[in-house]
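**Q** In UniProt numbering, the protein residues as written are 1 to 217.
1. Just verifying my parser: in three-state terms, what is the DSSP assignment at residue 138?
2. State buried or exposed for residue 144, treating a residue as buried only when at least 16 other CB atoms are found within 10 Å of its CB.
3. Nearest to residue 170 by alpha carbon, out of 181, 158, 57, 152?
4. Expressed to the nearest angstrom, what Euclidean distance is found between the alpha-carbon atoms of residue 49 and residue 66?
5. To the nearest angstrom, report how far apart residue 96 and residue 40 are at their CA atoms.
6. Cα separation between residue 208 and residue 147?
7. Note down the Cα distance separating residue 122 from residue 100, rounded to an integer number of angstroms.
8. Check whether the Cβ atoms of residue 71 and residue 78 sit closer than 8 Å, and answer yes or no.
9. Straight-line CA distance for residue 111 to residue 149?
10. Determine the closest residue to residue 127 out of 22, 139, 47, 108, with distance taken between C-alpha atoms.
11. Apply the 10 Å Cβ neighbour rule to residue 57 and answer buried if 16 or more other Cβ atoms are within range, or exposed otherwise.
12. When we look at the beta-carbon of residue 105 and count the other beta-carbons within 10 Å, is it buried (16 or more) or exposed?
13. From the DSSP secondary-structure annotation, give me the bridge partner or partners of residue 149.
14. For residue 81, collect the residues of the same chain with a Cβ closer than 8 Å to its Cβ; drop the 5 residues on either side in sequence, then sort them by chain order.
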């Protein structure tokens with residue numbers, strides 16, 4: 001009878017063992033928690049953290065504008081996967097984390113805003129080349145990536161401010177359409193009709209290579 005009462009008071013050893021196996025201890029809050037409260041870092045690392053601690057940890061890092069949030073495990077260099085963390089974060093915090101990641105990606109490239117007042121779209125130079133003539137993908141207007149002004153065909157960036165009236169703008173478009181080249185010495189326009197690519201400017205006897213100068217304009 002005594003043995004029967006004792007067995008009713010104490011759970012079976014196998015039951016206690018299964019309960020221990022189904023729990024874990026969070027290394028941040030040092031609480032014993034069930035397995036369904038354990039954070040899973042999408043096959044990157046298996047350090048035992050609870051969902052609440054990881055969520056608070058990420059919030060602190062995002063508030064500090066850190067894009068790469070590393071696992072809080074000692075000496076662990078694995079990164080936390082944003083998609084794996086989405087379900088444990090508030091929509092506002094996850095959106096802010098995404099904004100921080102986007103801002104970090106943008107800062108890696110040269111960037112300008114479209115100079116046209118009715119547009120102002122952000123444009124990135126992802127090819128890392130020294131570009132000038134740029135077409136805005138939003139408003140479809142052309143502008144100079146270098147001086148951040150509307151495209152000034154036939155004029156250097158330093159001369160762009162000298163465009164005073166509609167005739168100057170029309171002439172600049174004519175220079176571009178005719179593929180004329182401006183002499184770097186006297187600024188007169190030169191047209192190559194035929195023959196050698198090396199052109200001699202008749203005004204100052206300045207030799208220039210038509211194709212190379214054309215590419216620089």
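Even for Gly, the Cβ is constructed at its ideal location relative to N, Cα and C.
**A** This is what the structure holds:
1. coil
2. buried
3. 152
4. 20 Å
5. 21 Å
6. Residue placement at residue 208 is poorly supported in this model, since its pLDDT is 45, which falls under 50; the coordinates are not used for a value here.
7. 16 Å
8. yes
9. 14 Å
10. 108
11. buried
12. exposed
13. 144
14. 41, 42, 44
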